[in-house]
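Engineer: Heads up, the sequence shown is in the working numbering, so the first residue is 65 and it goes up one at a time.
Shown below is the structure under consideration.
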Amino acid sequence: NIPPARAYHSAVVADGKFWIFGGTWNTRTHNDLWCLDLNKWEWSEIEGSGMKPSDRMGHSCTRYGNELFILGGTNSPYCQGYDEDFIDGFAYNFKTNSWRSLVNCSGNYIG
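Written out as structure tokens, the structure reads:
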């Protein structure tokens with residue numbers, strides 16, 4: 065069980081695990097979250113509860129505390145400008161396996 069090949073996704077390392085979110089492949093954007101346990105070298109697709117980000121690519125991602133933050137991006141599989149550019153944010157909590165929506169940010173683009 066491994067994630068599909070992708071581009072314009074995000075990736076972070078947290079607590080011995082490598083996390084990837086979203087990106088584009090097969091002319092579509094996606095919102096899947098995958099985790100690679102670096103000790104066991106095993107992939108898992110993570111569903112999580114709560115409000116998950118919509119399909120996107122070209123977003124920013126960082127870890128702070130027990131959360132993975134996803135900011136901005138676009139739902140165009142061809143780079144910004146062809147579809148909707150997001151000014152939203154989401155946080156995934158590693159401990160509770162849950163998503164939450166952040167307050168929308170002002171401005172034209174974030175991520």
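Just so it is clear, CB atoms sit at the ideal spot from N, CA and C, and this is done for glycine as well.
1. Out of 132, 101, 102 and 84, point me to the one whose CA is closest to residue 94's CA.
2. Residues in the same chain with beta-carbon distance under 6 Å from residue 117, minus the five sequence neighbours each way, listed in chain order, please.
3. Inspect the beta-carbon positions of residue 65 and residue 105 and report whether they are closer than 8 Å.
4. DSSP three-state label for residue 74, please.
5. Identify the continuous beta strand (DSSP E) that holds residue 160 and give its terminal residues.
6. Determine the direct distance from the alpha carbon of residue 90 to that of residue 158, and round the result to whole angstroms.
7. Within a Cβ cutoff of 6 Å, which residues of the same chain sit near residue 100, ignoring the five residues on either side of it in sequence?
8. Taking the alpha-carbon positions, what's the residue 78 to residue 88 distance?
9. Given that a residue counts as buried once 16 or more other Cβ atoms are within 10 Å of its Cβ, and exposed if not, what is residue 68?
Structural biologist: On the basis of the supplied data:
1. 84
2. 95, 134 and 154
3. no
4. strand
5. It is not in any beta strand (DSSP E) - residue 160 carries neither H nor E in the DSSP assignment.
6. 29 Å
7. 82 and 107
8. Roughly 23 Å between the two C-alpha positions.
9. exposed
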